[in-house]
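Participant:
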Amino acid sequence: MKLLKIISLILSLAFIFFGYNIYFRKKYKLINNFEKDYKNGLKDEKYAKKVGMVELILGILFFLIFLKISL
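Our numbering applies: residue 893 is where the sequence shown begins, and numbers increase by one.
(1) Can you name, in chain order, every residue of its own chain whose Cβ lies under 7 Å from the Cβ of L962, other than the five neighbours on each side?
(2) Let's test the definition: count the other Cβ atoms within 10 Å of the Cβ of F916 and tell me whether it reaches 16, buried, or not, exposed.
(3) If I measure Cβ to Cβ from F954 and keep anything under 7 Å in the same chain, skipping five residues before and after, which residues do I get?
(4) Hey, quick one: how far does the alpha helix (DSSP H) through K897 stretch, first residue to last?
(5) Just the Cα atoms here: how many angstroms apart are L956 and I914?
(6) Closer than 6 Å by C-beta to Y920: which residues in its own chain qualify, once you throw out the five before and the five after it? Chain order, please.
(7) Only counting the same chain, and skipping five residues up and downstream in sequence, which positions put a Cβ closer than 8 Å to that of I923?
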């Protein structure tokens with residue numbers, strides 16, 4: 893159970909960090925090949941915002957799992 897706590901905490905911190913930086917700080921370079929695909933017209937900013945939001949939500953869910961296991 894201790895291993896599951898550690899894994900969920902690490903995953904939550906990583907997902908929250910990347911989701912925050914992509915969604916709020918607009919650091920789209922954290923998404924693989926996004927800048928190249930953006931220049932070619934394959935992806936737009938809405939795609940990057942969706943990726944950031946999904947990562948942020950996953951981070952929050954993993955953090956809630958961590959809290960549930962800890963209590």
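For each residue, glycine too, the CB sits at the ideal point set by N, CA and C.
Facilitator: A quick look at the data gives this:
(1) Looking up residue 962 in the sequence shown gives position 70. Correcting the residue identity first, residue 962 is Ser in this sequence and not Leu. Closer than 7 Å at the Cβ level, and outside the excluded window around S962, lie K897.
(2) Stepping through the sequence shown from its first residue, residue 916 is reached at position 24. Flag for F916 reads exposed.
(3) As a working note, residue 954 is residue 62 in the sequence shown. Once the five neighbours on either side are set aside, the close Cβ partners of F954 are S900, L903, S904 and F907.
(4) Indexing the sequence shown from 1 puts residue 897 at position 5. Looking at the DSSP string, the run of the alpha helix (DSSP H) that includes K897 is K894 to Y915.
(5) In the sequence shown, counting from the first residue as 1, residue 956 sits at position 64. In the sequence shown, counting from the first residue as 1, residue 914 sits at position 22. Whole-angstrom Cα-Cα distance: 21 Å.
(6) Within the sequence shown, numbered from 1, the residue matching residue 920 stands at position 28. Only F926 and A940 meet the Cβ criterion.
(7) What you label residue 923 is simply residue 31 of the sequence shown in a count that begins at 1. Only I914, A940 and V943 meet the Cβ criterion.
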